[in-house]
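Visitor: The sequence shown begins at 1 in the UniProt record's numbering and counts up by one.
Take a look at the following structure, please.
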Amino acid sequence: MSDEVIERALHNIYRRNFNPKTDIEPAFFHAFVSTLNTAADKGIRQAQRPEDDFLNALRHNTAVFAAFKTHRLQNDVARQLMDSNGNLKPFERWKNDVQDITSHQCKAWLRTEYDTAVLRARQATNWQQFQREKDVLPNLEWMPSTSPNPGADHMPFWGTILPVDHPFWEQHRPGDRWNCKCDLRSTDKLATNVPHDSTAAHDPQPGLDNNPGSTAQIFAKSHPYIKNAHPGAKQAVEKAVRKEERKEEKKKIRKAIQGQKLTNRNFPHKVLVSRASIDEWLNQPFKYMEEKARMLTDIQNILEEAEYLGTAEKHKKMQKVAQSHIFKTKVKDIDAYIIVKEWVDGTFTLHSISDAQDFIKHVKRK
Numbered sequence: 001m002s003d004e005v006i007e008r009a010l011h012n013i014y015r016r017n018f019n020p021k022t023d024i025e026p027a028f029f030h031a032f033v034s035t036l037n038t039a040a041d042k043g044i045r046q047a048q049r050p051e052d053d054f055l056n057a058l059r060h061n062t063a064v065f066a067a068f069k070t071h072r073l074q075n076d077v078a079r080q081l082m083d084s085n086g087n088l089k090p091f092e093r094w095k096n097d098v099q100d101i102t103s104h105q106c107k108a109w110l111r112t113e114y115d116t117a118v119l120r121a122r123q124a125t126n127w128q129q130f131q132r133e134k135d136v137l138p139n140l141e142w143m144p145s146t147s148p149n150p151g152a153d154h155m156p157f158w159g160t161i162l163p164v165d166h167p168f169w170e171q172h173r174p175g176d177r178w179n180c181k182c183d184l185r186s187t188d189k190l191a192t193n194v195p196h197d198s199t200a201a202h203d204p205q206p207g208l209d210n211n212p213g214s215t216a217q218i219f220a221k222s223h224p225y226i227k228n229a230h231p232g233a234k235q236a237v238e239k240a241v242r243k244e245e246r247k248e249e250k251k252k253i254r255k256a257i258q259g260q261k262l263t264n265r266n267f268p269h270k271v272l273v274s275r276a277s278i279d280e281w282l283n284q285p286f287k288y289m290e291e292k293a294r295m296l297t298d299i300q301n302i303l304e305e306a307e308y309l310g311t312a313e314k315h316k317k318m319q320k321v322a323q324s325h326i327f328k329t330k331v332k333d334i335d336a337y338i339i340v341k342e343w344v345d346g347t348f349t350l351h352s353i354s355d356a357q358d359f360i361k362h363v364k365r366k
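Laid out in structure tokens, this is it:
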């Protein structure tokens, strides 16, 4: 993480631009998310790309972890804002007082988390392939560490060969300790005996005691950032992650459909999907928000099949709108109404969707 990002985040905390108990500081959070997503993407590229749902679950997990890490960091440094007399310290003094914390969490330890995320993302992706290929390659072999100075914690497991679905792999696996550089590979070699080792030093470390290929979680809930989180962390994290994922979802949708021109079998004009179309569609309150968002990925087919009802009065505050055109569709168990704006210059743009059932009263039938 750059010194500029750390400086900006510390200024946000110092100026109290947000509540560190109930919110997530954005500069730290976005930097952590970016770093860990880069790590996950690197690990995935080293293996066969998984299904989109699995990939999205991995990204959700890194965002949650980044948010809990941010919440812990912001509260740890905020506790040192006041001097022994209860007065706010000068910024530079406070910045110097928390330098050990920020240097560790934003530099050295973040590098360890990055390296571990690369390995575990690759292994999570490989695990999906191991499951697909286990009829041909039924066993997994624990490969020795590639580190020039490997630790002794995993040495008892090197060379272990066991079936893919053996319970041993839920208890021990490469990547269950920080900075581990061991690996697994599929094989048709004969299985070995299960290693017998009761030494606690060889147990998985907190936060890495899950199989990421089974759980789609690079970092487990047992991690101290999560298990020992400060009060208010859970709600703050949920809010921040939801906002971040909506932002990313919006970016993907824009890339996929912005600029497209849609058609409807009973409507003679082409309908442009603009940036404002996407923003308004996603922001509009709706009973089924997730389903509404997913509709945009198939908006051409949805509008094509929708029933054209007619027009509605122009919005009083939109002087350049000639009128609105209304199309009826179905979202799960409710009727919904797609709104297309006709502008005075003769162009048409997708506007939004509504589930208000009194909406139909404003439509002039075609």
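C-beta atoms are modelled at their ideal positions from N, C-alpha and C, and glycine is treated no differently.
Along the chain, where does the beta strand (DSSP E) that runs through Arg265 open and close?
Guide: Per DSSP, Arg265 belongs to no beta strand (DSSP E) and is neither H nor E.
Visitor: Would you mind working out which of Asn264, Gly175 and Glu280 sits nearest Asn210, comparing C-alpha positions?
Guide: The residue with the shortest Cα to Cα distance from Asn210 is Gly175.
Visitor: With respect to the beta strand (DSSP E) encompassing His325, which residues constitute its N-terminal and C-terminal limits?
Guide: Per DSSP, His325 belongs to the beta strand (DSSP E) from Val321 to Val331.
Visitor: If you pair each beta-carbon of the stretch 112-128 with each one of the stretch 145-160, do three or more pairs fall below 8 Å?
Guide: The stretch 112-128 vs the stretch 145-160: no contact.
Visitor: What does the Cβ neighbour count give for Ser2, buried or exposed, with the cut at 16 atoms within 10 Å?
Guide: By the neighbour-count rule (16 or more Cβ atoms within 10 Å), Ser2 is not buried but exposed.
Visitor: In angstroms with no decimal places, state the Cα-to-Cα distance between Gln74 and Ile13.
Guide: Cα to Cα, Gln74 sits roughly 7 Å from Ile13.
Visitor: Going by DSSP, what residue range makes up the alpha helix (DSSP H) through Phe286?
Guide: Counting along the chain, Phe286 falls outside any alpha helix (DSSP H), and DSSP gives it neither H nor E.
Visitor: DSSP on Trp142, reduced to helix/strand/coil?
Guide: Looking at Trp142 - three-state DSSP - the assignment turns out to be strand.
Visitor: Between Glu244 and His71, is the Cβ-Cβ spacing less than 9 Å?
Guide: No; because the gap between Cβ atoms is not below 9 Å, this pair is not in contact.
Visitor: On the CB-based measure, 16 or more other CB atoms within 10 Å of its CB, does Glu170 come out buried or exposed?
Guide: Per the 10 Å Cβ criterion, exposed.
Visitor: Between which residues of its own chain and Lys234 is the CB-CB distance below 7 Å, once the five residues before and five after are set aside?
Guide: Nothing meets the Cβ criterion.
Visitor: Comparing alpha-carbon positions, which option in Asp335, Pro285 and Glu342 lies nearest His269?
Guide: The candidate whose alpha carbon is nearest that of His269 is Glu342.
Visitor: Indicate whether Pro212 and Ala78 have their beta-carbon atoms separated by less than 9 Å.
Guide: Taking 9 Å as the Cβ cut-off, Pro212 and Ala78 do not qualify as a contacting pair.
Visitor: Using DSSP's beta-bridge definition, name the partner residues of Tyr308.
Guide: Phe327.
Visitor: Which word fits Lys69, buried or exposed, when buried means at least 16 other C-beta atoms lie within 10 angstroms of its C-beta?
Guide: Lys69 comes out buried.
Visitor: Can you tell me whether Arg177 is buried or exposed? The criterion is at least 16 other CB atoms within 10 Å of its CB, across all chains shown.
Guide: Classification for Arg177: buried.
Visitor: Alpha carbon to alpha carbon, how far is Gln284 from Lys330? Give it in angstroms, no decimals.
Guide: So the alpha carbons of these two residues sit roughly 16 Å apart.
Visitor: First and last residue of the beta strand (DSSP E) that includes Asp183?
Guide: Per DSSP, Asp183 belongs to the beta strand (DSSP E) from Asp183 to Thr187.
Visitor: Determine whether the beta carbon atoms of Val237 and Ile257 lie at a separation below 9 Å.
Guide: Not in contact: Val237 and Ile257 (Cβ atoms no closer than 9 Å).
Visitor: Would Glu4 be called buried (16 or more neighbouring beta carbons within 10 Å of its own) or exposed?
Guide: Exposed.
Visitor: Less than 8 Å between the CB atoms is what I'm expecting for residue 404 and Pro206, so what's the real figure, rounded?
Guide: A question about residue 404 goes unanswered here, because the residues of the chain that appear run from 1 up to 366.
Visitor: So, with DSSP's three-state summary, where would you put Glu248?
Guide: Helix.
Visitor: For Lys252, count neighbouring C-beta atoms within 10 Å of its own C-beta (all shown protein chains included) and say buried if the count is 16 or more, exposed if not.
Guide: When all chains shown are included, Lys252 counts as exposed.
Visitor: Verify whether the separation of the beta carbon atoms of Lys287 and Ile334 is less than 9 Å.
Guide: Yes; because the gap between Cβ atoms is below 9 Å, this pair is in contact.
Visitor: Can you check whether the CB of Ile353 is closer than 9 Å to the CB of Lys292?
Guide: It is a contact, given that the beta carbons lie within the stated cut-off.
Visitor: Taking the alpha helix (DSSP H) that Glu92 belongs to, which residues open and close that run?
Guide: From DSSP, the alpha helix (DSSP H) with Glu92 extends over Phe91 to Asp97.
Visitor: Report the rounded CA-to-CA distance for Trp109 versus Ala191, giving the unit in angstroms.
Guide: Between Trp109 and Ala191, the C-alpha separation is close to 37 Å.
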